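K.L.:
Input: one structure, supplied below.
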Amino acid sequence: MRVLEPFFNDFDPSYSATRNKARDVLQQEDALTEIVQLVGKESLSEDQKVVMEVAKIIREDFLQQNAFTDYDFTCPLVKSVGMLKCIMAFYDHCQKAIADSPAEAKVTWATIKVAQASIIQKVVDTKFVEPKESEEKIKAHYDELVAEIESSFAAMLDV
């Protein structure tokens, strides 16, 4: 990866940080899986529940591909980077919402899951972007989704 790092950073300066954050989420999930198997998911803190759910999105919707579909048989770099940015933007906003919520109105994963159901679905659906589209159009789609995630969390926290 060190050899390719300059190429990826020329393509998108935030790529390395985003990739490392996604890797950290998957590593945290690995450590939390043991706890979940022993005492159940209810024993996890809210931020740990977010880790488990976002790791599931990374594994099932970002890393898995189906070569027999039009949207998934190939994945240009702009699509991969865009998908990962959307997933990690959602993760960051979830963690921030939980950490910054006041004690009398604590934000939980259940609250986020209900309030952000349409955003979660859009994050999951990021893989359905047509890979044959132009790079500009693909990038614009993912940038719009990141902006929508930001505004949706801002609206949820203002209520």
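Numbering (this note's numbering), first residue to last: 2 to 160. Beta carbons are placed, not taken as given, at the ideal position from N, Cα and C, and that holds for glycine. Computed from a prediction, not measured in an experiment: that's the story for all the values here.
1. For arginine 20, report the span of its alpha helix (DSSP H) as first-last.
2. I'd like to check one pair, valine 40 with phenylalanine 91: are the Cβ atoms closer than 8 Å?
3. Pick out whichever of Lys80, Asp93, Glu47 and Ile36 has its Cα sitting closest to the Cα of glutamate 137.
4. Would you mind working out which of Ile121, Lys133, Trp110 and Leu158 sits nearest aspartate 71, comparing C-alpha positions?
5. Which same chain residues end up closer than 8 Å to valine 147 when comparing Cβ atoms and leaving out the 5 residues on each side of it in sequence?
6. Secondary structure at alanine 4, three-state DSSP: helix, strand or coil?
7. Can you tell me whether threonine 75 is buried or exposed? The criterion is at least 16 other CB atoms within 10 Å of its CB, across all chains shown.
8. What would DSSP say about alanine 118, mapped onto helix, strand or coil?
9. Go to alanine 156, then tell me how far its alpha helix (DSSP H) extends in each direction, as first and last residue.
10. Compare the beta carbon distance of valine 45 and valine 37 with 8 Å and say whether it is the shorter of the two.
11. For the alpha helix (DSSP H) that contains glutamine 96, what are its first and last residues?
12. Put aspartate 13 into one of helix, strand or coil per three-state DSSP.
13. Answer yes or no: do glutamate 149 and isoleucine 121 have a C-beta to C-beta separation smaller than 8 Å?
14. Using CA coordinates, which residue listed in Met2, Ala32 and Pro77 is at the minimum distance from asparagine 21?
15. Exposed or buried, which one is lysine 97 when buried takes at least 16 other CB atoms within 10 Å?
16. Using the Cα positions of glutamine 117 and phenylalanine 154, report the straight-line distance between them to the nearest angstrom.
P.N.:
According to the data block:
1. 16-40
2. no
3. Lys80
4. Lys133
5. Lys86, Cys87 and Ala90
6. Here residue 4 turns out to be valine, not alanine, going by the sequence shown. Residue state, collapsed to three classes: coil.
7. exposed
8. helix
9. 136-159
10. Checking the displayed sequence, the identity of residue 45 turns out to be leucine instead of valine. Yes.
11. 78-101
12. coil
13. no
14. Met2
15. exposed
16. 8 Å
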